[in-house]
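Enquirer:
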Amino acid sequence: MIKITLPDNSTREYPKGITGLEIANNISPRLAKEVLSVTVNNDLFDLTRPINNDASIKLHKWDDEEGKHAFWHSSAHLMAEALQELYPGIKFGIGPAIENGFYYDVDLGDGKTITDTDFITIENKIMELASTKAEYQRSEVSKKDAIDFFGGRQETYKVELINDLEDGSISFYKQGNFTDLCRGPHLPNTSFIKAVKILSVAGAYWRGDEKRKQLTRVYGITFPKKSMLDEYLVLLEEAKKRDHRKLGKELELFAFSQRVGQGLPLWLPKGAMLRERLENFLKRVQRAYGYEPVITPHIGQKELYVTSGHYAKYGADSFQPIHTPAEGEEFLLKPMNCPHHCEIFKVKPRSYKDLPVRFAEFGTVYRYEQSGELHGLTRVRGFTQDDAHIFCRPDQLKEEFIKVIDIVLYIFKTLEFNEFTAQISLRDPNNNEKYIGSDENWEKAESAIIEACNEKGLETVVVTGEAAFYGPKLDFMVRDAIGRKWQLGTIQVDYNLPERFELEYIGSDDKRHRPVMIHRAPFGSMERFVAVLIEHTGGKFPLWLTPDQAVVLPISEKYNEFAQKVSDFLNNSDIRTAIDDRNEKIGRKIRDNELKRIPYLLIVGEKEMESNSVSVRKQGDGDKGSMSMEAFADLVTKEVEELTKY
RNA sequence: GCCGGUGUAGCUCAGUUGGCCAGAGCAGCUGAUUUGUAAUCAGCAGGCCGGGGGUUCGAAUCCCUCCACCGGCUCCA
């Protein structure tokens with residue numbers, strides 16, 4: 001007998017070789033129906049894999065990541081079997097579970113493709129195979145046998161994967177006619193899979209290396225119930241409605257023009273107003289934190305970026321240099337503001353007493369992003385960073401870093417970004433040529449960030465290899481409507497640019513010292529931030545940011561004059577108010593302005609004109625009754641104060 | 001940049017196997033109506049069918065090429 005410990009610390013005795021599924025069944029038959037995989041000590045097991053020693057276990061259902069993972073991973077194998085039947089000669093790469101579903105990378109052979117018209121055939125084949133209730137059978141094999149097996153089938157990608165594995169740790173899974181190299185765990189059998197949707201196909205380089213062959217990646221998702229698939233598809237539709245590219249067009253916030261050039265956004269009046277308010281908001285915060293505004297040009301001599309190291313790193317892939325009539329002169333479109341700000345630091349000698357200095361600029365930069373990368377406002381070729389550079393003494397670094405974290409958190413709170421992740425990006429220690437600067441400087445910079453985060457009690461994830469080439473960083477990421485993650489705010493510690501620009505201050509010892517630099521942009525870029533704000537709010541911006549706060553709707557043209565009076569009064573009270581004096585019925589005006597996501601609609605007719613009042617309708621909330629213009633102005637002013645009070 | 005898809009009026013979309021002057025709804029303009037809480041009615045105008053080249057008696061429709069957009073991959077100072 002062996003002793004099994006459950007998550008509540010209760011223990012049960014079972015015969016050696018008992019399986020997770022049998023234990024679940026013993027606890028409750030209902031549990032046995034829902035369970036998908038099991039953790040045994042710290043290893044994930046199939047439900048049907050025997051447990052031979054004392055262990056603590058945890059059974060995973062659909063609600064656990066581990067349960068979903070086993071479900072989707074098994075689905076990937078099932079899809080692979082379907083593809084194997086439909087596309088003879090197909091070779092398989094990798095096929096993992098992902099956050100929402102799974103994919104499989106396959107090589108269909110030269111010239112063969114899968115398009116979305118094939119999806120239904122694949123789906124049908126998967127469901128056909130699922131209904132055979134084929135068991136997922138695990139077996140352990142030696143490295144040699146594994147290579148022989150896949151080598152014999154011309155599965156070159158699998159052979160490559162196995163070559164990188166250690167002997168003794170290799171397992172196969174087989175269901176029906178499909179055998180795969182796989183760590184598991186998997187479902188007991190294919191009948192768990194009740195609904196499938198093939199979502200998309202895309203190219204994907206083998207092992208993520210753009211120099212290697214591009215495989216076909218097929219994305220899909222499966223569910224244990226048909227109704228869950230339907231719900232998921234509804235969710236996807238809802239997410240699409242929040243897409244900032246769609247809302248940006250509908251709400252007339254921004255546009256693109258082929259003539260101007262791809263990735264070069266045009267801010268329309270309403271979008272520009274929104275952005276301006278965000279900028280003013282941040283300027284106010286920065287003033288309070290001791291930042292000083294600076295302004296620098298949009299181009300700079302090539303030498304400037306050679307000095308900073310940006311030219312060596314990105315020069316070849318950038319917008320090409322601007323040549324002038326004078327011999328040998330070359331200018332670059334500004335890809336970064338920091339070199340300019342370093343030069344501002346250098347305009348005069350700095351004393352240790354002057355530090356820190358904090359230079360802030362909404363600096364527009366241009367980067368030649370790869371054409372396939374451009375995406376709405378989130379990835380563009382010309383954008384404005386809410387940039388600032390703090391030059392401080394080494395002993396001030398942590399305190400300054402913490403202050404920047406405070407600014408970021410304050411902004412997120414005011415704008416109600418309550419779900420974000422903070423990521424510490426460190427250099428890849430095995431890839432030194434990607435970075436500039438000494439090991440010592442990197443270590444100092446990395447530990448400064450980690451310490452500041454610890455001191456702040458900020459929950460972070462640490463990712464190696466994601467640092468900028470000149471220093472490590474702390475990034476704040478949020479998700480867009482479709483679940484894609486975007487980096488917003490960033491804070492970076494940099495010992496390297498001060499060295500390259502030979503920045504100095506005079507210390508209390510009357511000697512020259514090198515300052516440390518912090519690069520920071522709490523929004524990241526105005527473009528990306530507005531994009532994410534649009535998706536986050538579904539276009540229903542906070543009252544203090546939204547372009548039009550109220551629209552006056554006269555019942556008929558007879559009241560246009562009074563509507564003008566109301567609008568003038570409110571605009572004079574700093575409430576952004578428009579008039580809808582179209583010759584339309586009131587129902588129509590309400591509908592159109594609701595769709596434009598105007599926070600307050602003010603209906604005025606005979607009654608209101610007589611009593612000098614407005615009938616208030618709140619967005620999404622209907623009729624709020626009537627009140628005097630003054631009372632309404634007061635209400636809006638108070639609401640704005642409440643939203644920006646922190 | 002790479003793989004796959006898409007491109008018809010300002011917007012959303014129809015356009016059968018190539019065949020008469022390329023259609024609809026919304027938006028726009030003109031007029032009627034003077035409206036009380038999510039779409040009033042009528043008329044008018046609007047398109048080099050993404051650009052270029054080709055096949056054909058004939059191309060929005062077939063082929064080539066370029067451009068832009070969409071989904072991924074790679075990249076992201």
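For the first sequence, our numbering assigns the number 646 to the last residue and increments by one with no breaks. Beta carbons are placed, not taken as given, at the ideal position from N, Cα and C, and that holds for glycine. Just so it is clear, the structure is predicted and the values come from calculations on it, not from any experiment.
Which first and last residues belong to the beta strand (DSSP E) in which leucine 426 is found?
Expert: Membership of leucine 426 in the beta strand (DSSP E) is indicated by the continuous run 421-426.
Enquirer: If you compare alpha carbons, which of Arg259, Lys413 and Tyr435 is closest to proline 542?
Expert: Lys413
Enquirer: How is proline 29 classed by DSSP in three states: helix, strand or coil?
Expert: The DSSP-derived three-state label of proline 29 is helix.
Enquirer: Applying the criterion that 16 or more other CB atoms from any shown protein chain within 10 Å of the CB defines a buried residue, is serine 308 buried or exposed?
Expert: buried
Enquirer: Would you identify the three-state DSSP class for tryptophan 62, choosing helix, strand or coil?
Expert: Assignment of tryptophan 62 by DSSP, reduced to helix, strand and coil, places it in the coil class.
Enquirer: As a quick exercise: from Val552, Asp167, Arg138 and Gly93, pick the residue whose alpha carbon is nearest that of aspartate 145.
Expert: Of the candidates Val552, Asp167, Arg138 and Gly93, the one whose C-alpha sits nearest the C-alpha of aspartate 145 is Asp167.
Enquirer: Helix, strand or coil, according to DSSP, for valine 347 in the structure here?
Expert: coil
Enquirer: Can we say the segment 151-167 touches the segment 108-115, given the rule of at least three CB pairs closer than 8 angstroms?
Expert: Contact between the segment 151-167 and the segment 108-115 is absent, because fewer than three Cβ pairs lie under 8 angstroms.
Enquirer: For the alpha helix (DSSP H) containing phenylalanine 562, name the first residue and the last one.
Expert: 560-572
Enquirer: Might you give, ordered along the chain, the residues of its own chain that have their beta carbon closer than 7 angstroms to the beta carbon of proline 356, omitting 5 neighbours on each side?
Expert: Ile390, Phe391, Cys392, Gln396 and Glu400
Enquirer: For glutamate 440, which option in Ile405, Asn496, Met477 and Asn454 has the closest C-alpha, if you only look at C-alpha atoms?
Expert: Asn496
Enquirer: Between phenylalanine 254 and leucine 264, which are expected to be in contact by the criterion C-beta below 8 angstroms, what is the C-beta distance as a whole number of angstroms?
Expert: Taking a contact as a CB-CB distance under 8 angstroms, the pair phenylalanine 254 and leucine 264 does not count as one, their CB atoms being some 11 angstroms apart.
Enquirer: Can you find the residues in the same chain that come closer than 6 angstroms, C-beta to C-beta, to isoleucine 43, ignoring five residues on each side of it along the sequence?
Expert: The identity of residue 43 in the sequence shown is aspartate, whereas the question assumes isoleucine. Nothing meets the Cβ criterion.
Enquirer: According to the neighbour-count rule (16 or more other Cβ atoms, all chains shown, within 10 Å of its Cβ), is isoleucine 686 buried or exposed?
Expert: Residue 686 is absent from the structure shown; the chain starts at 1 and stops at 646.
Enquirer: How close, in whole Å, do the beta carbons of isoleucine 491 and isoleucine 405 come, if the pair is a contact with beta carbons under 8 angstroms?
Expert: 7 angstroms
Enquirer: Below 8 angstroms on the Cβ atoms is my contact criterion, and I expect glutamate 330 with glutamine 301 to pass it. Report the Cβ-Cβ distance as a whole number of Å.
Expert: 7 angstroms
Enquirer: So, using beta-carbon positions, are glutamine 286 and isoleucine 407 closer together than 9 angstroms?
Expert: yes
Enquirer: Which residue's Cα is closest to the Cα of lysine 194: Asn124, Lys91, Phe178 and Leu83?
Expert: Asn124
Enquirer: Put tyrosine 311 into one of helix, strand or coil per three-state DSSP.
Expert: helix
Enquirer: The beta strand (DSSP E) with valine 604 in it runs from where to where?
Expert: 600-604
Enquirer: Looking at the structure shown, is aspartate 230 part of a helix, part of a strand, or coil, going by DSSP?
Expert: helix
Enquirer: When you compare only the Cα positions, how much space is there between leucine 83 and arginine 207?
Expert: 20 angstroms
Enquirer: Inspect the CB distances between the segment 54-61 and the segment 20-28 and report whether three or more fall short of 8 angstroms.
Expert: yes
Enquirer: Cutting at 7 angstroms between CB atoms, please list the residues of its own chain near phenylalanine 359, excluding the five before and the five after it.
Expert: Glu292, Val294, His341, Ile344, Ala388 and His389
Enquirer: Please tell me whether leucine 187 and aspartate 64 are closer than 9 angstroms, where the distance is taken between their beta carbons.
Expert: no
Enquirer: What residue does the alpha helix (DSSP H) around phenylalanine 412 start on, and which one ends it?
Expert: 397-414
Enquirer: When DSSP builds the beta bridges, which residues end up paired with arginine 217?
Expert: Asp105 and Ala202
Enquirer: Find the nearest neighbour of serine 351 within the set Ser508, Pro297, Gly382 and Glu451, judged by alpha-carbon distance.
Expert: Ser508
Enquirer: Going by the beta-carbon positions, is the gap between isoleucine 534 and valine 604 smaller than 9 angstroms?
Expert: Cβ atoms of isoleucine 534 and valine 604: not closer than 9 angstroms.
Enquirer: Could you tell me the alpha carbon to alpha carbon distance between glutamine 549 and methionine 273, rounded to whole angstroms?
Expert: 12 angstroms
Enquirer: Return the CA-CA distance between arginine 245 and isoleucine 198, expressed in angstroms with no decimal places.
Expert: Approximately 25 angstroms between the Cα atoms of the pair.
Enquirer: Hey, lysine 91 and aspartate 107 are a contact pair by Cβ (cut 8 angstroms); roughly how many whole angstroms apart?
Expert: 4 angstroms
Enquirer: For the 8 angstroms Cβ check, are there 3 or more pairs between the segment 129-136 and the segment 230-247?
Expert: no
Enquirer: Leaving out five residues before and five after glutamate 66 in sequence, what residues of the same chain have Cβ atoms less than 7 angstroms from its Cβ?
Expert: Ser37, Thr39, Leu44 and His60
Enquirer: Starting from methionine 336 and walking both ways along the alpha helix (DSSP H), at which residues does that stretch end?
Expert: Careful: methionine 336 lies outside any alpha helix (DSSP H) and carries neither H nor E.
Enquirer: Exposed or buried, which one is phenylalanine 476 when buried takes at least 16 other CB atoms within 10 Å?
Expert: buried
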